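Q: The sequence shown begins at 0 in numbering that gives the first Met the number 0 and counts up one residue at a time.
Here a beta-carbon is modelled for each residue, glycine too, at the ideal position from N, C-alpha and C.
No experiment lies behind these values; they were computed from the predicted model shown.
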Amino acid sequence: MKVLLIGGGGREHAIAAALKRSSRVEKLYCAPGNAGIAEIAECVPIGVMEFEKLIAFAKEQQIDLAVCSQDDPLCAGIVDAFEAADLKIFGTRANAAIIEGSKAFSKNLMKKYGIPTASYEVFTDADAAIEYLKTQKFPIVLKASGLALGKGVLICQDYDEACAGVREIMLDRHFGDAGSEMVIEEFMTGREVSALAFCDGTHYALMSSSQDHKRIGDGDTGLNTGGMGTFSPSPFYTEEIDRQCRERIYQKTVDAMAAEGRPFTGVLYFGLMLTQDGPKVVEYNTRFGDPETQVVLPRMETDLVDVMEACMNGTLEQIQLKFSDDAAVCVVLASGGYPEHYEKGKVITGLDVLAKRDDIYCFHAGTRFDEAGHVVTSGGRVMGITALAPDLKSARAKAYEALEDVSFEGKYFRHDIGKALDAVL
Ligand code: AMP
Ligand code: GLY
0 MKVLLIGGGG REHAIAAALK RSSRVEKLYC APGNAGIAEI AECVPIGVME FEKLIAFAKE
60 QQIDLAVCSQ DDPLCAGIVD AFEAADLKIF GTRANAAIIE GSKAFSKNLM KKYGIPTASY
120 EVFTDADAAI EYLKTQKFPI VLKASGLALG KGVLICQDYD EACAGVREIM LDRHFGDAGS
180 EMVIEEFMTG REVSALAFCD GTHYALMSSS QDHKRIGDGD TGLNTGGMGT FSPSPFYTEE
240 IDRQCRERIY QKTVDAMAAE GRPFTGVLYF GLMLTQDGPK VVEYNTRFGD PETQVVLPRM
300 ETDLVDVMEA CMNGTLEQIQ LKFSDDAAVC VVLASGGYPE HYEKGKVITG LDVLAKRDDI
360 YCFHAGTRFD EAGHVVTSGG RVMGITALAP DLKSARAKAY EALEDVSFEG KYFRHDIGKA
420 LDAVL
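#1: Going residue by residue through the stretch 118–178, where are the continuous beta strand (DSSP E) segments of at least 3 residues, counting only ones entirely within it?
#2: If you count every other CB in all the chains shown that lies within 10 Å of the CB of L105, and 16 or more means buried, which is it?
#3: Going by the beta-carbon positions, is the gap between I168 and C155 smaller than 7 Å?
#4: What does the alpha-carbon distance come out to for the pair D479 and G225?
#5: Report the three-state DSSP secondary structure of L402 (helix, strand or coil).
#6: Return the bridge partner residues of V346 from the DSSP annotation.
#7: State the DSSP-derived secondary structure class of I318, mapped to helix, strand or coil.
#8: From G344, D254, L4 and L296, pick the residue whose C-alpha is nearest to that of F89; which is it?
#9: Mind checking whether the beta-carbon of N284 lies closer than 6 Å to any heavy atom of the ligand GLY?
#10: Identify every residue that forms a DSSP beta bridge with D289.
#11: May I ask you to check if the CB of E184 is nearer than 6 Å to at least one heavy atom of the ligand AMP?
#12: Suppose the cutoff is 6 Å on Cβ atoms and the five residues either side in sequence are ignored; what does the same chain contact list for V405 look like?
#13: Do you know how far the Cα of G189 is from the Cα of L353?
#14: Looking at the ligand AMP, does it come within less than 6 Å of A117, judged from the CB to the closest heavy atom?
#15: When you compare each of D324, D421 and R286 to I97 by their alpha carbons, which one comes out closest?
#16: Please list the segments of the alpha helix (DSSP H) lying wholly inside the stretch 248–299, counting only runs of 4 or more residues, in order along the chain.
#17: Skipping 5 residues on each side, what residues in its chain have a beta carbon closer than 6 Å to that of L332?
#18: Just to confirm, does M181 get its C-beta within under 6 Å of one of the non-hydrogen atoms of the ligand AMP?
#19: Less than 6 Å between C-beta atoms, sequence neighbours within five positions excluded: which residues of the same chain meet that for K87?
#20: Terminal residues of the continuous alpha helix (DSSP H) containing G100?
#21: Can you give me the start and stop residues for the alpha helix (DSSP H) that F412 sits inside?
#22: Short check: CB of H414 to CB of D217, under 7 Å?
#23: Please determine, among G113, S231 and R247, the residue with the shortest C-alpha to C-alpha distance to F322.
#24: Which residues does DSSP pair with V78 in a beta bridge?
#25: Which residues in the same chain have their Cβ closer than 7 Å to the Cβ of C425, if we skip the five residues on either side of it in sequence?
#26: How would you call P72, buried or exposed, if buried means at least 16 neighbouring beta carbons within 10 angstroms?
#27: Take E185 as the anchor and find which of T274, V266 and F235 has the nearest alpha-carbon.
#28: Please confirm if the stretch 48–68 is in contact with the stretch 386–401, defined as three or more CB-CB distances below 8 Å between the two stretches.
#29: With three or more C-beta pairs closer than 8 Å as the rule, is the stretch 111–125 touching the stretch 268–282?
#30: Consult DSSP for D71 and reduce its assignment to one of helix, strand or coil.
#31: Going by the C-beta, is A288 closer than 6 Å to any heavy atom of the ligand GLY?
#32: Under 7 Å, do D70 and E99 count as touching if we go by C-beta distance?
#33: Does the contact criterion of 3 or more C-beta pairs under 8 Å hold for the stretch 263–272 versus the stretch 236–250?
#34: Look at K19 and I39 and say whether their C-beta atoms are less than 7 Å apart.
Below, the structure is given as structure tokens:
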């Protein structure tokens, strides 16, 4: 079949690689793709929000399956638009993608259906938010309700910092319109684990667990980013935790969305915190996580197209997901300065060395070809270097050794991806 993947980040490179492994995919297109995806798919210069152009392309090329796993187009209704044009697409309809698009919606959903999460209040007025803060304990967490590239969360240590945060989000609109509504919630402590599940509206099939590192600096310091590195599986996601999540969170969420008339189809991402009172939901996303996908999909042995079709046909119950026993570690190489100001257009060298290895994946995120045909940086997160090995410790050592082969000016990475593992391995 002919498949059109929509997007162009590290997550899409990992999805493209998994689609490419499927015996059912004859031709893979990616819009817009990037310099790495171009090696395994035909890249088409159409942006992810250009629905009409994407639909026209899909019709013209007689695409059998489109795949979208990015929040902006999903929340803006790309699945609805493709379906209205009679095209098959894997992803979440807008009325269910709101589970990521509005934190106010997702918090209210969890409260209504008794799904464990931090206690909270929703505000649309800055004065009322500041008044509420006077009665609260600190630290406290402020969240812009809308989409903010994973950056719209402030953890405030005291009242003054929180008031400044409310002003930043609601009045200065630091995160744009995402801040017209705000959630203020209780600060939780515990380890964070990511659980991704395929959903068909009624059932879910859980993928292997993973763990992200969201802060820019070693030792979890500095600003929040889209994610600086991951490992899978997470040894902290034990069988007991899994049992609790299945009982209290996963099916309850799928059922809640169905009961609200918003059946969830696609990939549902559960950002979990393992607190002393058991696992709680920190956030939902309506898509594969990035860079979680770069460690989860390379380990998945089930044919990705079969799973996606089962999600769209409501037959997920018949699918048994299988993951390899190998562990995976991904270290993100970023442009110096990210997540704030950084330069683009730096030539990347050494990719040919890694291309020769089959135990290393080099998932491109922010890369493109320049006029001379060189691969150059074009984003904050440039690429994820994923290593597979029989255990997490050796996968980590391998990823760190492999990333030495790649060079570009300003190359930045965290040195402690998977350091938490030392406590248990
Ligand atoms: P989110 O975009 O909601 O995932 O938040 C980004 C990050 O902020 C999370 O991965 C956590 O590290 C942190 N965070 C969010 N909510 C809370 C909370 N209620 N308590 C403690 N940390 C939080
Ligand atoms: N890695 C976090 C996310 O995809 O939102």
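A: Let's see:
#1: DSSP runs (the beta strand (DSSP E)) wholly in the stretch 118–178: 119–122, 139–143 and 152–155.
#2: Checking the displayed sequence, the identity of residue 105 turns out to be Ser instead of Leu. So S105 counts as buried.
#3: No.
#4: A query on residue 479 cannot be resolved here, the shown segment of the chain reaching from 0 to 424 and no further.
#5: L402 falls in the helix class under three-state DSSP.
#6: BP columns for V346 point to V375.
#7: Secondary structure of I318 (DSSP, three-state): coil.
#8: The option with the nearest alpha carbon to F89 is L4.
#9: Because some heavy atom of the ligand GLY lies under 6 Å away, the Cβ of N284 counts as near it: yes.
#10: Residue pairing from DSSP leaves D289 without any beta-bridge partner.
#11: Relative to the ligand AMP, E184 has its C-beta within less than 6 Å of a heavy atom.
#12: Result list for V405: G349, in chain order.
#13: As the crow flies, the alpha-carbon of L353 is around 36 Å from that of G189.
#14: A117 Cβ: within cutoff of the ligand AMP.
#15: The candidate whose alpha carbon is nearest that of I97 is R286.
#16: The qualifying runs are 250–258 and 292–295.
#17: V381, M382, K410 and F412.
#18: Because no heavy atom of the ligand AMP lies under 6 Å away, the Cβ of M181 does not count as near it: no.
#19: Within the same chain, and ignoring the five residues on either side of K87 in sequence, the residues whose Cβ sits closer than 6 Å to its Cβ are L64.
#20: Counting along the chain, G100 sits inside the alpha helix (DSSP H) bounded by residues A93 to G100.
#21: No alpha helix (DSSP H) contains F412, which DSSP labels as neither H nor E.
#22: It is a contact, given that the beta carbons lie within the stated cut-off.
#23: It is S231.
#24: V78 pairs with nothing; no bridge assigned.
#25: Since the first residue shown for the chain is 0 and the last is 424, residue 425 is missing from the structure and cannot be characterised.
#26: The residue in question, P72, is buried, as its Cβ has 16 or more Cβ neighbours within 10 Å.
#27: Of T274, V266 and F235, the residue nearest in Cα terms is T274.
#28: The stretch 48–68 makes no contact with the stretch 386–401: fewer than 3 CB pairs, one atom from each, lie closer than 8 Å.
#29: Flag = yes, the stretch 268–282 and the stretch 111–125 touch.
#30: The answer is helix: DSSP assigns D71 an H, G or I state.
#31: According to the sequence provided, residue 288 is Gly. The question's Ala does not apply to it. At a cut-off of 6 Å, the beta-carbon of G288 counts as near the ligand GLY: some heavy atom of the ligand is closer than that.
#32: Yes, Cβ-Cβ distance for D70 and E99 is below 7 Å.
#33: With a cut-off of 8 Å, the stretch 236–250 and the stretch 263–272 count as touching, because enough Cβ pairs lie within range.
#34: Less than 7 Å divides the Cβ of K19 from the Cβ of I39.
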